[in-house]
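> Let me begin by handing over the structure; questions about it come next.
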Amino acid sequence: MIPDEKYGIVIKTGTTLNGNILIKKYEQVPNIMEKHLIPRPIQIVYIESIEEPWRQLALDLERKYVALTLEMQNRKLNGYQKTENCQVTQNDVNQQCDEIEIEIEKLEQQLKQMDEDYNDKMKLLQQLQEQETRIESTSYDQEHQLEEMKQKFKKLNGLNSDLNEKIVMLEAENEAIKKMQTTRKSIVTTTSTKNQIHVL
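Residues 1 to 200 (full-length UniProt numbering) make up the sequence shown, in order.
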């Protein structure tokens with residue numbers, strides 16, 4: 001297979017039986033960096049869902065192994081010996097058991113890695129929840145402060161309104177006092193003029 005990094009294509013080459021014709025097959029494969037570029041939701045896979053099929057397979061092979069062992073013992077008791085022409089031999093069963101053990105070890109490593117990934121994701125989720133709680137708490141505090149500011153602003157508006165009314169009243173009183181002073185001055189001036197005329 002020849003990888004084409006530009007287009008993400010794998011080219012499979014081969015020849016026919018006569019060796020003259022070259023066969024090419026193009027298959028589109030996903031980009032290696034795609035999983036790093038596209039965000040995907042966290043998928044929680046239960047360990048039992050992965051472990052159960054392997055356990056069942058191990059159980060089936062164990063039963064097959066026991067059945068073959070019993071069959072071989074019966075053959076030995078009845079005068080039959082194991083020959084090379086047997087379809088299933090002890091070595092085959094042992095080899096299959098070894099392969100199963102290897103697969104189980106790989107599966108255990110995979111499950112261990114999945115546990116670590118799950119714990120990391122749970123820690124990240126907990127951090128995100130704590131951050132969200134802090135943000136909600138901060139938002140609540142800000143809303144509370146904003147409400148207090150609104151109440152203070154309303155009180156200040158009320159005080160401003162009262163002050164404006166008092167200012168208007170004081171200005172009216174001031175105007176009235178000025179008018180009274182002007183009237184008094186004119187009366188005093190008139191009285192003094194009359195007195196001067198009377199003296200003459």
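Quick reminder that beta carbons are idealized off the backbone N, C-alpha and C, glycines included.
Bear in mind the structure is a predicted one, so any value in this text is a computation, not a measurement.
Since L61 and Q96 should fall inside the 8 Å C-beta cutoff, what is the C-beta to C-beta distance between them, to a whole number of angstroms?
About 6 Å; that satisfies the 8 Å criterion.
> Within the stretch 141-173, note down every full beta strand (DSSP E) run reaching 3 residues or more, in order along the chain.
List check, beta strand (DSSP E) in window: nothing returned.
> Do the CB positions of L107 and E51 come within less than 9 Å of each other?
In this structure, E51 lies closer than 9 Å to L107 by Cβ.
> If you measure between the beta carbons of A58 and I102, is that distance less than 9 Å?
No.
> Measure the alpha-carbon distance for Q113 versus Q142 and round it to whole angstroms.
Taking the straight line joining both Cα atoms gives about 43 Å.
> Between the C-alpha atoms of E173 and K155, what's the straight-line distance to the nearest angstrom?
Roughly 27 Å between the two C-alpha positions.
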